[in-house]
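One line per chain: the protein sequences are W and X, in this order. One point on numbering: in the working numbering, the residue at position 211 of the first sequence is 211, and numbering is uninterrupted. One gets the working numbering by counting positions in the second sequence from 1 and adding 1000 to each.
2 protein chains.
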Amino acid sequence: MDSPLFALMLATTGDATKLLLEMFLVFASAKLLAEVAERLRQPPVVGELAAGVLLGPAVLGWVRPNDLLSVLADLGVMFLLFRVGLELRDFRLTKVGANALAVAVVGVVVPFLAGWGLMVALGHPRIEAVFVGAALVATSVGITARVLAAKGLLDHQASKIILAAAIIDDVLGLLVLAVVSSSASGTLNLVELCTTAALAVAFTFLVAQWGTRTMEKIVPKLESRMRSGEGQFTLAMLAVFGLSLLAVYAGVAAIIGAFLAGMALAKSVDHRVHEMTTGVTELLVPFFLVGIGLHLDVTALKDPGMLVLAVAVTALACATKFIGCGLGALRMGWRDATRIGIGMMPRGEVGMVVAQIGLGLGVIAPGIYGVVVLMSIATTVIAPPLLQLAYRDLIRVEAEGQALPRVG
Amino acid sequence: MDSPLFALMLATTGDATKLLLEMFLVFASAKLLAEVAERLRQPPVVGELAAGVLLGPAVLGWVRPNDLLSVLADLGVMFLLFRVGLELRDFRLTKVGANALAVAVVGVVVPFLAGWGLMVALGHPRIEAVFVGAALVATSVGITARVLAAKGLLDHQASKIILAAAIIDDVLGLLVLAVVSSSASGTLNLVELCTTAALAVAFTFLVAQWGTRTMEKIVPKLESRMRSGEGQFTLAMLAVFGLSLLAVYAGVAAIIGAFLAGMALAKSVDHRVHEMTTGVTELLVPFFLVGIGLHLDVTALKDPGMLVLAVAVTALACATKFIGCGLGALRMGWRDATRIGIGMMPRGEVGMVVAQIGLGLGVIAPGIYGVVVLMSIATTVIAPPLLQLAYRDLIRVEAEGQALPRVG
Chain W
1 MDSPLFALML
11 ATTGDATKLL
21 LEMFLVFASA
31 KLLAEVAERL
41 RQPPVVGELA
51 AGVLLGPAVL
61 GWVRPNDLLS
71 VLADLGVMFL
81 LFRVGLELRD
91 FRLTKVGANA
101 LAVAVVGVVV
111 PFLAGWGLMV
121 ALGHPRIEAV
131 FVGAALVATS
141 VGITARVLAA
151 KGLLDHQASK
161 IILAAAIIDD
171 VLGLLVLAVV
181 SSSASGTLNL
191 VELCTTAALA
201 VAFTFLVAQW
211 GTRTMEKIVP
221 KLESRMRSGE
231 GQFTLAMLAV
241 FGLSLLAVYA
251 GVAAIIGAFL
261 AGMALAKSVD
271 HRVHEMTTGV
281 TELLVPFFLV
291 GIGLHLDVTA
301 LKDPGMLVLA
311 VAVTALACAT
321 KFIGCGLGAL
331 RMGWRDATRI
341 GIGMMPRGEV
351 GMVVAQIGLG
361 LGVIAPGIYG
371 VVVLMSIATT
381 VIAPPLLQLA
391 YRDLIRVEAE
401 GQALPRVG
Chain X
1001 MDSPLFALML
1011 ATTGDATKLL
1021 LEMFLVFASA
1031 KLLAEVAERL
1041 RQPPVVGELA
1051 AGVLLGPAVL
1061 GWVRPNDLLS
1071 VLADLGVMFL
1081 LFRVGLELRD
1091 FRLTKVGANA
1101 LAVAVVGVVV
1111 PFLAGWGLMV
1121 ALGHPRIEAV
1131 FVGAALVATS
1141 VGITARVLAA
1151 KGLLDHQASK
1161 IILAAAIIDD
1171 VLGLLVLAVV
1181 SSSASGTLNL
1191 VELCTTAALA
1201 VAFTFLVAQW
1211 GTRTMEKIVP
1221 KLESRMRSGE
1231 GQFTLAMLAV
1241 FGLSLLAVYA
1251 GVAAIIGAFL
1261 AGMALAKSVD
1271 HRVHEMTTGV
1281 TELLVPFFLV
1291 GIGLHLDVTA
1301 LKDPGMLVLA
1311 VAVTALACAT
1321 KFIGCGLGAL
1331 RMGWRDATRI
1341 GIGMMPRGEV
1351 GMVVAQIGLG
1361 LGVIAPGIYG
1371 VVVLMSIATT
1381 VIAPPLLQLA
1391 YRDLIRVEAE
1401 GQALPRVG
């Protein structure tokens, strides 16, 4: 097929065709391995993460992480969180606030100290140790939210605590990262740090508190004036893009803005908007999940010492989030504490971003970067099966409920 | 806000934030100007195209065409055509084949000869004249399909002819382009050209003819075996990516593959898949429409001679497609011939691709490139209001039907 005509066709459509092929490979392998995972009684996300590892440089090398795929991944996790927010009934941040705050704070302090301590004990430079600690602080709420949403468990009390704690964790994690990075580059400014923190907290609190009421007022009013196309869906998209953007400007992650947009709109949009958003989410989420797996870098792990360190850091990451968040939630009973401890485990894309910043600042070695990436992926793969196990009594009740004929 | 902390945040999320801002601007301005267009009794697509001109380098310069936006645009037109295919009831390429073939062939020959003739008469180089002719052959079916779908007119006989003729036109256009380009680079090979043509025709014919039956057999079978997630929607996405990719390999545009995938699935998927696909389409189509407007390049048109040429080429482009396609459809009556002639007018992104190839091969001057781009955008903006006018009697019937209370 390498005729001049075919070459011409490729020259004109080359990049687009390559991306189309990559999209097909990513989507198809994600769905195929999700089916395999289901048959092994594992959550489908595990299969989708494994598809990334398989397609990526670690195994087959067919697809490499690139800008276009990472944009699709970013949009995927944004819409996933938006969809989760839209799904929540009767969720008020203030109602779960005290418990969630305890979970988040203890779940930040314990992993940070443990990660830092381990690295210092092993004789690594202080700043590298601090970065590993910061990576252990990260929480990738997308994975947990996906597992819980798939099983219809978002409305459970423990699930709500996980979501709220993950939001608080995101703000705390960003502050830890800011302190760590600015002290690494010698630009630490306490006043500025407090301003940023205040802005982030204010944005999150304001949208969580008054978002729903505001949307209930403006959505019907605007919709009645719109004449073209899908009014409510258009407003929903404007809200998700607008609030994601405002979130970034206020110093929190875009996905938090998307989640808040979903929460705020939950009561203002009808069933069709849910269905249409599900379409966008189902299309894009595989790119997020596969994208995490694509980043697995095995070159650093060929050194046996590094491999041992990676296993140790991963074990520490699992144990410290479980213990830290579990401790914070202990007054809710050991069963919910277990669920919350496991739900906060995945570091996913957030842990990898911390490692990338450290690498960019030149304060962590490439080997340690590989260790943190492995830890991020491993915690993300380990948590979903454990989560399914921790929620197994509720899943059974749900499954029995579904044995009845479904309406609609 | 240019604190080190904010700079750090931007450094880690910089590109993603820029894209998020661009997505918000594109989506919001498209929807805003669509509303304005509705109030001026114009089709919303005109507003969305105008949003691109406004945001782009031609006026405000806030958003420049870039790789990420153009991927979203490509996906947008792909899903638009998929959605149109999914919507069609009882559409068989063979049933409208003879009329559509006549429309496509006359609608290719007349614009090509006219464009080439004009440029030669004005003393331009032969090869440049040939490229302008080839650009006049292009048909951007996405725009017409969007207007017709929005008004619920896809099932009308003239609309079906337009869609079928646009598919044939795409194959013919690609062949014209191949001949033109390979003769420009001195690599014309007739045997190879015939092979490519045969492959393109065979692919389109086979999928159009047996796609529906095949999908009716395999979709329910596969779906019953799938355990995770949205089975039918997953299969639909695999079909759209898979057939788009095969289309490119067979020598036709990806959007033709997407359209055929929609047609093939129309009877095999339920209402939910339609809704979910609508979500994806409604999100992405504005990027396609705005993307066209973003490419308007006014620097070339500051030369009054070029501006006059651009106006002349645009007038010729409108007149020749209208007359050529209208002539091909004359036996259907003058009313349908008018609709078809107008529906085939927009050159959109396809005309711009031809210009880009010519520029890339160094056979058309930058000024002529600007002329072709203006012609592509202008024909795309002019056609929708005319199309609305040509279908006005049917739209009125439709609107009266909608005065009754809608169910669902």
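No residue lacks a Cβ here, since even glycine has one placed at the ideal position from N, Cα and C.
Against chain X, a Cβ distance below 8 Å from W:G229 picks out K1031, A1034, P1044, A1150 and E1282. Between W:S140 and chain X, the shortest Cβ-Cβ separation is not below 7 Å.
Bounds of the alpha helix (DSSP H) holding W:W210 are L190 to R225. Ranked by Cα distance from X:A1164, the first of X:R1083, X:A1208 and X:A1178 is X:A1208. Identification of chain X residues near W:A164 by a Cβ-Cβ cut-off of 7 Å yields none; the smallest Cβ-Cβ distance measures about 23 Å.
The stretch 127-134 of chain W and the stretch 330-350 of chain W do not touch, with fewer than three beta-carbon pairs separated by less than 8 Å. Under the DSSP assignment, W:T380 falls in the alpha helix (DSSP H) whose first and last residues are P366 to A390. Excluding the 5 residues flanking it on each side, X:A1050 has same chain C-beta neighbours closer than 6 Å at L1033, in chain order.
A distance of 7 Å or more separates the beta carbons of X:A1261 and X:L1235.
In the same chain as X:A1030, and ignoring 5 residues on each side of it, the C-beta atoms closer than 6 Å to its own belong to E1048, A1051, P1286 and V1290, in chain order. Taking 7 Å as the upper bound on Cβ-Cβ separation, chain W lies near residues E1230, F1233, T1234, M1237, L1238, F1241, G1242, S1244, L1245, V1248, G1251 and A1254 of the stretch 1230-1256 of chain X. With distances taken between CA atoms, W:V45 lies nearest to W:A145 out of W:A102, W:A145, W:G231 and W:D15.
Per the Cβ contact rule, the stretch 1250-1261 of chain X is not in contact with the stretch 241-259 of chain W (fewer than 3 Cβ pairs under 8 Å). Taking 7 Å as the CB threshold, W:G279 lines the interface with chain X. If you ignore the 5 residues before and after X:L1374, its C-beta comes within less than 6 Å of the C-beta of A1310, all in its own chain and listed in chain order. The three-state reading of DSSP puts W:D297 in coil, since its state is none of H, G, I, E or B. In the DSSP annotation of this structure, the continuous segment of the alpha helix (DSSP H) that includes W:N99 starts and ends at G97 to A121. Between the beta-carbon of W:L387 and that of W:V96 there is about 18 Å, and that puts the pair past the 8 Å contact cut. The shortest CA-to-CA distance from W:I162 to any of W:E230, W:S181 and W:G142 is the one to W:G142. Under a criterion of Cβ atoms nearer than 8 Å, the residues of chain X adjacent to W:E275 are, in order, R1272, E1275, M1276 and G1279.
Within the same chain, no Cβ atom closer than 7 Å to the Cβ of X:F1205 is found once the five residues on either side in sequence are excluded. Chain order gives no chain W residues near X:F1205, where near means a beta carbon separation below 8 Å; the closest approach is about 19 Å. Note on W:N99: 16 or more other CB atoms within 10 angstroms of its CB, so buried under the neighbour-count rule.
Close partners of X:T1017 in chain W (Cβ separation under 7 Å): V248. Residues of chain W whose Cβ lies closer than 8 Å to the Cβ of X:A1073 do not exist; the shortest such Cβ separation is about 10 Å. Using a Cβ-Cβ distance cut-off of 8 Å, the stretch 71-85 of chain W and the stretch 276-283 of chain W are in contact, since at least three pairs of beta carbons, one from each stretch, lie closer than that value.
One finds F1241, G1242 and L1245 in chain X with Cβ atoms closer than 7 Å to the Cβ of W:F24, taken in chain order. At a cut-off of 7 Å between beta carbons, W:L101 makes no contact with chain X.
By the Cβ criterion, the stretch 104-118 of chain W is in contact with the stretch 314-329 of chain W, since at least three pairs of Cβ atoms, one from each stretch, lie closer than 8 Å. At least one beta carbon of chain W lies nearer than 7 Å to the beta carbon of X:L1020. When rounded, the separation of the alpha-carbon atoms in X:M1276 and X:D1155 is 22 Å. In the three-state reduction of the DSSP assignment, W:L33 falls in the helix class, which pools H, G and I. For W:I323 and W:L81, the gap between their C-alpha atoms comes out near 26 Å. Rounded to the nearest angstrom, the Cβ distance from X:F1233 to X:V1273 is 5 Å, consistent with a contact under 8 Å. If the five residues before and after W:A138 are omitted, its C-beta is found closer than 7 Å to the C-beta atoms of G173, R347, V350, G351 and V354, all from its own chain and listed in chain order.
Not flagged as an interface residue toward chain X: W:L113, since no C-beta distance is shorter than 7 Å.
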